[in-house]
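**Student:** Residue numbers (my numbering): 10 to 148. Think of the CB as a built atom: it goes at the ideal place given N, C-alpha and C, for glycine as much as any other residue.
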Amino acid sequence: MSKQEFLETLLKKDYDSFRGKTLRMTRVRVPGKEVCLAHVINPSDTVIYQNLGLHIGVHEGEDHTGEAIGMIRFTPWEAVVAAADCAIKAANVEIGFMDRFCGSLILTGNLTEVRTAVEEVVRFFRDDLHFSVCEIHQS
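Have a look at this one:
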């Protein structure tokens with residue numbers, strides 16, 4: 010759909026009165042109840058942890074080489090707090106990163122524990138909180 014077609018559809022009969030005028034469009038994101046990414050990776054290279062920033066802050070000096078990483082993304086973003094609580098209660102994992110302003114959660118630990126935590130988070134959000142959820146992928 011072109012910009013003109015979009016404006017014609019949006020403004021309907023008022024479109025002609027706006028023709029030639031400067032319009033400001035604002036895009037608003039309305040978050041739904043969704044788990045939009047659930048992925049488990051089992052890297053063995055330190056560079057992955059460094060690129061994710063998992064070697065700084067509270068994790069400074071720790072060596073996570075060989076550990077798995079679970080990544081989960083939520084809307085609304087605040088859901089990440091409940092997800093982090095669910096994950097650490099479900100399995101022996103550490104929170105590598107949690108962002109309540111963007112809805113991102115990164116978990117670290119051994120592959121089985123991370124997989125268990127991600128599965129439980131997705132199950133909890135689907136069954137108990139009635140979120141739309143994606144499939145869990147693993148590489």
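Keeping to the same chain, check which residues put their C-beta closer than 6 Å to that of Arg124; ignore five residues upstream and five downstream.
**Tutor:** Taking the sequence shown and counting its residues from 1, the one referred to as residue 124 is at position 115. Only Val49 meet the Cβ criterion.
**Student:** Taking the continuous alpha helix (DSSP H) assigned at Thr55, which residues delimit it?
**Tutor:** Walking along the sequence shown from the start, residue 55 turns up at place 46. Its alpha helix (DSSP H) spans residues Thr55 to Asn60.
**Student:** Can you grab the Cα-Cα spacing for the pair Ile104 / Ile97, in whole Å?
**Tutor:** As a first step, residue 104 must be located in the sequence shown, where it is residue number 95. As a first step, residue 97 must be located in the sequence shown, where it is residue number 88. The alpha-carbon atoms of Ile104 and Ile97 are separated by roughly 8 Å.
**Student:** For Cys143 and Cys45, what's the separation of their Cα atoms in angstroms?
**Tutor:** Against the sequence shown, residue 143 aligns to sequence position 134. Against the sequence shown, residue 45 aligns to sequence position 36. Going by the C-alpha atoms only, they are around 6 Å apart.
**Student:** Using the Cα positions of Asn119 and Val102, report the straight-line distance between them to the nearest angstrom.
**Tutor:** Numbered from 1 along the sequence shown, position 110 holds the residue referred to as residue 119. Numbered from 1 along the sequence shown, position 93 holds the residue referred to as residue 102. About 8 Å.
**Student:** So the candidates are Phe134, Thr121 and Tyr58; which of them puts its Cα closest to the Cα of Ala91?
**Tutor:** The count along the sequence shown starts at 1 and reaches residue 91 at position 82. The candidate whose alpha carbon is nearest that of Ala91 is Phe134.
**Student:** Just to check my reading of the structure: Gly100 and Ala126 have Cβ atoms closer than 8 Å, yes? What is that Cβ distance to the nearest angstrom?
**Tutor:** Mapped onto the sequence shown, residue 100 falls at position 91. Mapped onto the sequence shown, residue 126 falls at position 117. Per the sequence presented here, residue 100 reads as Ala, with Gly not at that position. Between Ala126 and Ala100 the Cβ distance is about 4 Å, and since that is below 8 Å, they are a contact.
**Student:** Could you tell me if Met80 is buried or exposed, where buried requires 16 or more neighbouring beta carbons within 10 angstroms of its beta carbon?
**Tutor:** What you label residue 80 is simply residue 71 of the sequence shown in a count that begins at 1. Counting Cβ neighbours within 10 Å, Met80 comes out buried, since at least 16 surround it.
**Student:** Can you find the residues in the same chain that come closer than 8 Å, C-beta to C-beta, to Arg109, ignoring five residues on each side of it along the sequence?
**Tutor:** Here residue 109 corresponds to residue number 100 of the sequence shown, with the count starting at 1. Taken in chain order, the residues that qualify are Trp86, Glu87, Val89 and Val90.
**Student:** Does DSSP put Ala2 in a helix, a strand or coil?
**Tutor:** No answer is possible for residue 2: it lies beyond the span of the chain, which begins at 10 and ends at 148.
**Student:** As a quick exercise: from Gln13, Leu16, Val131 and Leu20, pick the residue whose alpha carbon is nearest that of Asp94.
**Tutor:** Numbered from 1 along the sequence shown, position 85 holds the residue referred to as residue 94. Checked all of Gln13, Leu16, Val131 and Leu20; the closest Cα to Asp94 is Val131.
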